[in-house]
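K.L.:
One structure is given below, represented as structure tokens, and several questions about it will come after.
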Amino acid sequence: MPTEFVADRKAPSLPAIKREGMVKIFTVGFFLPAVQLGKDLYLYSVPFEFVDVASPEGIWEAHRFSVKVVPSVLVLRGDDEVVARWVGWVPEASDIWSVIRAFAPEAVVLN
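Okay, here's the thing in structure tokens:
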């Protein structure tokens with residue numbers, strides 16, 4: 032898992048990631064580390080979605096992506112292929128950013 036990337040707080044522009052993939056954050060209800068991750072991903076302009084597995088839609092999404100433990104965080108390509116998965120904990124936004132840079136370097140344009 033990449034951890035060496037240190038983020039400055041400039042918001043990058045990610046047009047290809049917005050069209051081709053996203054981050055899904057699976058939790059139950061309000062979970063502060065997940066909320067903080069969402070705020071940080073917003074600063075990176077990374078599209079993300081919270082999935083509450085206590086809801087019927089959340090149960091379906093968890094089943095669809097074989098999520099059995101919360102919190103879990105998935106990085107998806109546009110075809111819903113999981114390219115990174117953190118199970119049982121919430122990673123730093125910089126870890127997710129490193130994965131996105133590895134899988135879509137052409138999408139990374141710093142402002």
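Counting with the working numbering, you get residues 32 to 142 for the letters of the sequence shown.
Ideal placement from N, C-alpha and C gives every residue a C-beta, glycine not left out.
#1: Looking at V118 and V100, is the spacing between their C-beta atoms short of 8 Å?
#2: Under the assumption that L72 contacts V54 (Cβ atoms under 8 Å), give the Cβ distance between them as a whole number of angstroms.
#3: From the DSSP secondary-structure annotation, give me the bridge partner or partners of A115.
#4: So what does V82 bridge to, in DSSP terms?
#5: Excluding the five sequence neighbours on either side, which residues of its own chain have a C-beta within less than 8 Å of the C-beta of V59, listed in chain order?
#6: Taking the beta carbon of F61 as the centre, do at least 16 other beta carbons fall within 10 Å, making it buried, or is it exposed?
#7: Give the DSSP-derived three-state secondary structure of A65 in the structure shown.
P.N.:
The answer reads as follows:
#1: Taking the sequence shown and counting its residues from 1, the one referred to as residue 100 is at position 69. Taking the sequence shown and counting its residues from 1, the one referred to as residue 118 is at position 87. In this structure, V118 lies closer than 8 Å to V100 by Cβ.
#2: Sequence index remark: in the sequence shown, residue 72 carries index 41 (1-based). Sequence index remark: in the sequence shown, residue 54 carries index 23 (1-based). That pair is a contact at about 6 Å.
#3: Locating residue 115 in the sequence shown gives position 84, counting from the first residue. A115 is bridged to V106.
#4: Counting from one through the sequence shown, the residue named residue 82 turns up at place 51. The partner list for V82 (beta bridge, DSSP) reads F57.
#5: Within the sequence shown, residue 59 is the residue found at index 28, counting from 1. For V59, where only same-chain residues beyond five positions count, the Cβ hits under 8 Å are D83, V84, A85 and V101.
#6: Translated into positions along the sequence shown, residue 61 becomes position 30. That one is exposed.
#7: Within the sequence shown, numbered from 1, the residue matching residue 65 stands at position 34. If DSSP states are grouped into helix, strand and coil, A65 belongs with the helices.
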